[in-house]
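Here is the structure we will look at, set down as structure tokens.
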Amino acid sequence: MPTPAIAPRLLELSAPALLWRRSKQWMLQANRLARWSATPERWPRPLLAPTHEKGVLLGSHTVNLERSDSDADPVLEAGKQHNVCLAAPAFDGLLLAPDRPLSFWRTLGRLTERKGYRHGLALSGGCLTPSIGGGICLLANALFEFAARQGWHILERWGHTMEAVPPPPGALWGMDATVAWPYVDLVMAPREGPVRLGARVSDGKLRLSIHGADAPRTRSRLWSEDESLLELPEGTLRINRVVRRVEDIGSGAVLEERTIAENRRRLLNPEARKRTCLTCGESACHARVEVPRVEARAP
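Its first residue numbered 798, the sequence shown is counted upward by one per residue in our numbering.
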């Protein structure tokens, strides 16, 4: 197998190469939107569960909005937290079932300034760039890890290609999900159902929950395999795969054991984690993003 290479960063691309890259993205966007219409059972329109009762709590998951490291740009960090607070209500109260999966983008829709989204940190083409709706991957990460630990079917998940934020000590590495409108999606379905998804932000934390009619019948265990570090001229790649075993609580029978995430990620050093379009000084970069002054001053 050939030695894997790391793709050129945005600042290394010429103007024609950047235009070709964007044209490819437009084609992928159009293709995915067409598939939404052609295959509604895979990407169903979001439907709210009845509000009169929640049922039995099947699980909960809490994530801090604020980064624990000191490398975050304050403007982009504030934008991320604002964006997650704005997006979370779209997922609160969703009715989901084995035949009614959750699609991140079908639920949330496109992130625009008109909807109130701000610039947050995004990983694009090997660079850390400001992007409208940036930081929304925190919500996607939390949804993926929560669903994976609940034993849900993972129908579509993409991992990040760069690690801009180191995982907490002791955390299982690779439990993330990157999203890009609308063709890089996160699609998952509960193993049993119907269930009601809860998603709220309070006290600086994203709080997810799942309620159903009956107590949980399965339990899941996740672990990492094939961990390795690969040194390349362009940087260091960390590689692993996350394996999950789902068991029946009553009988102990193994219902499923398979890989749910394969990860290949470039690790950034502390200096690179702090460098964004706001600080890099690469004025000749054709992909450079400027944040409006009003937004840059926002708390």
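Glycine included, every Cβ here is placed at the ideal spot set by N, Cα and C.
DSSP beta-bridge partners for I1036? On the sequence shown, residue 1036 is found 239 positions in, with the first residue counted as 1. For I1036, which the question treats as bridged, DSSP gives the partners S1025 and R1061.
Same chain, Cβ closer than 8 Å to I803, five either side skipped, listed in chain order: Residue mapping note: residue 803 aligns to position 6 of the sequence shown, counting from 1. Bear in mind that a pLDDT of 45 at I803, under 50, signals an unreliable position, so the number given afterwards is only what the model happens to contain. Cβ within range, chain order: G923, L1029, E1031, G1032, L1034 and R1063.
Can you tell which of M824, R839 and P847 has its C-alpha closest to the C-alpha of V992? Translated into positions along the sequence shown, residue 992 becomes position 195. That would be P847, whose Cα lies nearest to the Cα of V992.
Residue from E1079, G852, N1060 and P1089 with nearest C-alpha to M959: One-based indexing of the sequence shown puts residue 959 at position 162. Among E1079, G852, N1060 and P1089, the Cα nearest to that of M959 is on N1060.
Rounded to the nearest angstrom, what separates R819 and A827 at their Cα positions? Position 22 of the sequence shown, counted from the first residue, corresponds to residue 819. Position 30 of the sequence shown, counted from the first residue, corresponds to residue 827. Rounded to whole angstroms, R819 to A827 spans 12 Å at the Cα level.
Under the three-state DSSP convention, the category S820 falls into: Here residue 820 is taken as the residue at index 23 of the sequence shown, counted from 1. It is helical.
Output the distance between the C-alpha atoms of A1129 and R1004, rounded to the nearest integer angstrom. What is shown of the chain runs 798 to 1096, which leaves residue 1129 out entirely.
Bridge partner(s) assigned by DSSP for D1045: In the sequence shown, the residue the question calls residue 1045 occupies position 248. Looking at the DSSP assignment, D1045 forms a beta bridge with T1015.
Just verifying my parser: in three-state terms, what is the DSSP assignment at I803? In the sequence shown, residue 803 corresponds to position 6, counting from 1. Low per-residue confidence applies at I803: pLDDT is 45, beneath 50, and the placement is therefore not dependable, though the value from the model is reported in the following sentence. The answer is coil: DSSP assigns I803 none of H, G, I, E or B.
Is DSSP giving A812 helix, strand or coil here? By 1-based counting over the sequence shown, the position of residue 812 is 15. DSSP places A812 in helix when its eight states are reduced to three.
Can you tell which of L1052, L845, P837 and E1079 has the C-alpha that lies nearest to the C-alpha of W949? Numbered from 1 along the sequence shown, position 152 holds the residue referred to as residue 949. Answer by Cα proximity: L1052.
If you draw a straight line from the C-alpha of T926 to the C-alpha of G971, how long is it? Looking up residue 926 in the sequence shown gives position 129. Looking up residue 971 in the sequence shown gives position 174. In a straight line, the C-alpha of T926 is about 22 Å away from that of G971.
With respect to the alpha helix (DSSP H) encompassing S882, which residues constitute its N-terminal and C-terminal limits? Position 85 of the sequence shown, counting from 1, holds the residue named residue 882. First, the amino acid is wrong: residue 882 is Cys here, not Ser. Where C882 is concerned, the enclosing alpha helix (DSSP H) stretches over P871 to A884.
Identify whether P966 lies in helix, strand or coil by the three-state DSSP scheme. Here residue 966 corresponds to residue number 169 of the sequence shown, with the count starting at 1. Of the three classes helix, strand and coil, the one that applies to P966 here is coil, per DSSP.
Return the residue from the list E1024, A1069 and H1008 that minimises the CA-CA distance to N1037. For the purposes of this step, residue 1037 is taken as residue 240 along the sequence shown, with counting starting at 1. Comparing Cα-Cα distances from N1037 to each of E1024, A1069 and H1008, the minimum goes to E1024.
Own chain, CB closer than 6 Å to R907, minus 5 neighbours either side, in chain order: If you number the sequence shown from 1, residue 907 lands on position 110. Contacts found: W978.
Could you give the distance in angstroms between the alpha-carbon of A937 and the alpha-carbon of R954? For the purposes of this step, residue 937 is taken as residue 140 along the sequence shown, with counting starting at 1. For the purposes of this step, residue 954 is taken as residue 157 along the sequence shown, with counting starting at 1. Rounded to the nearest whole angstrom, the CA to CA distance from A937 to R954 is 10 Å.
Can you tell me where the alpha helix (DSSP H) with L905 in it begins and where it stops? Here the question's residue 905 lines up with position 108 in the sequence shown. Per DSSP, L905 belongs to the alpha helix (DSSP H) from F901 to L905.
Close Cβ partners of L1050 (< 8 Å) along its chain, the five nearest in sequence each way excluded: Position 253 of the sequence shown, counted from the start, is the residue given in the question as residue 1050. The residue asked about is misnamed: residue 1050 is Ala in this sequence, not Leu. Within its own chain, the residues whose Cβ lies closer than 8 Å to the Cβ of A1050, once the five positions on either side in sequence are excluded, are E1044, listed in chain order.
Exposure of K1002, with buried meaning 16 or more beta-carbon neighbours within 10 Å: One-based indexing of the sequence shown puts residue 1002 at position 205. The residue in question, K1002, is exposed, as its Cβ has fewer than 16 Cβ neighbours within 10 Å.
Would you report the Cα separation of A814 and L844, rounded to the nearest angstrom? Taking the sequence shown and counting its residues from 1, one reaches residue 814 at position 17. Taking the sequence shown and counting its residues from 1, one reaches residue 844 at position 47. Rounded to the nearest angstrom, the two C-alpha atoms are 41 Å apart.
Helix, strand or coil, according to DSSP, for N1066 in the structure here? On the sequence shown, position 269 is the one that residue 1066 refers to. Of the three classes helix, strand and coil, the one that applies to N1066 here is coil, per DSSP.
DSSP state of A974 mapped onto helix, strand, coil: By one-based count along the sequence shown, residue 974 stands at place 177. A974 falls in the coil class under three-state DSSP.
Would you kindly work out how many angstroms separate the C-alpha atoms of T859 and S1017, rounded to a whole number? The residue given as residue 859 occupies position 62 in the sequence shown. The residue given as residue 1017 occupies position 220 in the sequence shown. Each residue's alpha carbon lies about 18 Å from the other.
Taking 7 Å as the limit between beta carbons, can you name the residues of its chain near G876, skipping five residues before and five after? The residue labelled residue 876 in the question sits at position 79 within the sequence shown. Same-chain partners within the cutoff: R915, H916, G917, G931 and G932.
Just grab the DSSP bridge partners of T926 for me. Residue numbering aside, residue 926 sits at position 129 when the sequence shown is read from its first letter. BP columns for T926 point to A919.
Any non-hydrogen atom of the ligand MN closer than 7 Å to D889 Cβ: By its list of ligands, the structure shown contains no ligand whatsoever, and the ligand MN lies outside what it can speak to.
Do the CB positions of V1039 and T1015 come within less than 8 Å of each other? By 1-based counting over the sequence shown, the position of residue 1039 is 242. By 1-based counting over the sequence shown, the position of residue 1015 is 218. It is not a contact, given that the beta carbons lie outside the stated cut-off.
Just to confirm before moving on: does the CB-CB distance between W833 and W823 stay below 8 Å? Numbered from 1 along the sequence shown, position 36 holds the residue referred to as residue 833. Numbered from 1 along the sequence shown, position 26 holds the residue referred to as residue 823. No. Outside cutoff.
If we ignore side chains and look at the alpha-carbon of each, how far apart do A986 and G1078 end up? In the sequence shown, the residue the question calls residue 986 occupies position 189. In the sequence shown, the residue the question calls residue 1078 occupies position 281. Roughly 44 Å between the two C-alpha positions.
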